[in-house]
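Sequences listed follow chains A and B, in order. Using the working numbering, you'd call the opening residue of the first sequence number 5 and step up by one each time. Using the working numbering, you'd call the opening residue of the second sequence number 1302 and step up by one each time. Glycine included, every Cβ here is placed at the ideal spot set by N, Cα and C. It should be emphasised that the depicted structure is a prediction, and the values quoted were computed from it without experimental measurement. Worksheet: one structure, shown below.
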Amino acid sequence: GQQLNQSPQSMFIQEGEDVSMNCTSSSIFNTWLWYKQDPGEGPVLLIALYKAGELTSNGRLTAQFGITRKDSFLNISASIPSDVGIYFCAGQLSQGGSEKLVFGKGTKLTVNP
Amino acid sequence: GAVVSQHPSRVICKSGTSVKIECRSLDFQATTMFWYRQFPKKSLMLMATSNEGSKATYEQGVEKDKFLINHASLTLSTLTVTSAHPEDSSFYICSARRAETRQYFGPGTRLTVT
């Protein structure tokens, strides 16, 4: 089945530093999504990417949809303590009306004040 | 924005009993709802996809007789874990989608089977 390789698994950074994480896949996806999940909560969508090569920003977050449609990265600039959480990438492939998401394994971010 | 709720947020049940989890789309009609399972420190794994008024489509390896899914209306889907065992303990998350839009996730339900 389809799998997403997300790295790094965890990051420990100082407040103010920039962060970068990425996902790669052996399969092509039509859409890439980045989510943040806080403990005991459902994932919250941060950024959605719909076109190969697309670069999209949301405040301090920037994400890109790879040209090959098999990868994506998420950057967080000037990190703050509330950025702590687990970040997941997800690929979506529309097939026969299905809109299933395949999730990466997550990147756990810790920000030291 | 679109809001999805789940009830209960936490449930503890005894081994052998059944437990029902509800997923509601509060301000939109969801043509499709998805159920995910998440183990500690792991990713979300899709269990099944349900369309209103039709049978759910289960992912490979998910027992449909154990995880009963009902999507009786455009705003409600239920997941019933039948004859629960400790290994069914997990975090269950639903998402809802209206036609041609993205999935909106619920806050999750923590199930503990003792």
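My output table needs one value for residue i: the three-state DSSP class, helix, strand or coil.
{"i": "B:E1388", "result": "helix"}
{"i": "A:D22", "result": "coil"}
{"i": "A:S83", "result": "coil"}
{"i": "B:G1407", "result": "coil"}
{"i": "A:F16", "result": "strand"}
{"i": "B:S1319", "result": "coil"}
{"i": "B:Q1361", "result": "coil"}
{"i": "A:Q7", "result": "coil"}
{"i": "B:R1399", "result": "coil"}
{"i": "A:K55", "result": "coil"}
Using CA coordinates, which residue listed in the options is at the minimum distance from residue i?
{"i": "A:L108", "options": "A:E19, A:M25 and A:L59", "result": "Here the sequence assigns Gly to residue 108 of chain A, which means Leu is not the residue at that position. Ranking A:E19, A:M25 and A:L59 by Cα distance to A:G108 puts A:M25 first."}
{"i": "B:S1306", "options": "B:A1373, B:S1326 and B:C1314", "result": "B:S1326"}
{"i": "A:F33", "options": "A:L50, A:V48, A:E45 and A:D75", "result": "A:D75"}
{"i": "B:A1349", "options": "B:P1387, B:T1381 and B:E1388", "result": "B:T1381"}
{"i": "B:S1390", "options": "B:R1403, B:G1407 and B:T1318", "result": "B:T1318"}
Residues of chain A with CB closer than 8 Å to the CB of residue i, please, in chain order.
{"i": "B:G1407", "result": "G46"}
{"i": "B:I1394", "result": "G46 and P47"}
Strictly below 7 Å CB to CB, what residues from chain A border residue i?
{"i": "B:R1399", "result": "Per Cβ cutoff of 7 Å: no residues; B:R1399 is ~11 Å from chain A at best."}
Anything in the region 1331 to 1349 of chain B with a Cβ closer than 9 Å to a Cβ of chain A? List those residues in chain order, please. The region 1331 to 1349 of chain B vs chain A, Cβ under 9 Å: T1333, F1335, Y1337, Q1339, K1342, K1343, S1344, L1345, M1346 and L1347.
Decide yes or no for the touch test of the region 48 to 63 of chain A against the region 10 to 20 of chain A: beta carbon pairs closer than 8 Å, at least 3 of them. no
I'd like to know if the region 1343 to 1354 of chain B and the region 80 to 89 of chain A are in contact, where contact means that at least 3 CB-CB pairs between them fall below 8 Å. No: fewer than three Cβ pairs fall under 8 Å.
Which residues, in chain order, does the region 85 to 116 of chain A contribute to contact with chain B at a C-beta distance below 7 Å? F92, S102, E103, K104, L105, F107, G108, K109 and G110
Name, going along the chain, the residues of the region 50 to 76 of chain A whose beta-carbon falls closer than 8 Å to a beta-carbon of chain B. A52
Answer yes if the region 49 to 59 of chain A comes into contact with the region 1309 to 1328 of chain B, meaning at least three C-beta pairs across the two stretches below 8 Å, and no otherwise. At 8 Å Cβ cutoff, the stretches do not touch.
Across the region 1328 to 1340 of chain B and the region 1310 to 1318 of chain B, are there enough close Cβ pairs to call them in contact, namely three or more that are closer than 8 Å? Contact fails: fewer than three Cβ-Cβ distances are below 8 Å.
In chain order, what residues of the region 1313 to 1331 of chain B put their CB closer than 9 Å to some CB of chain A? none
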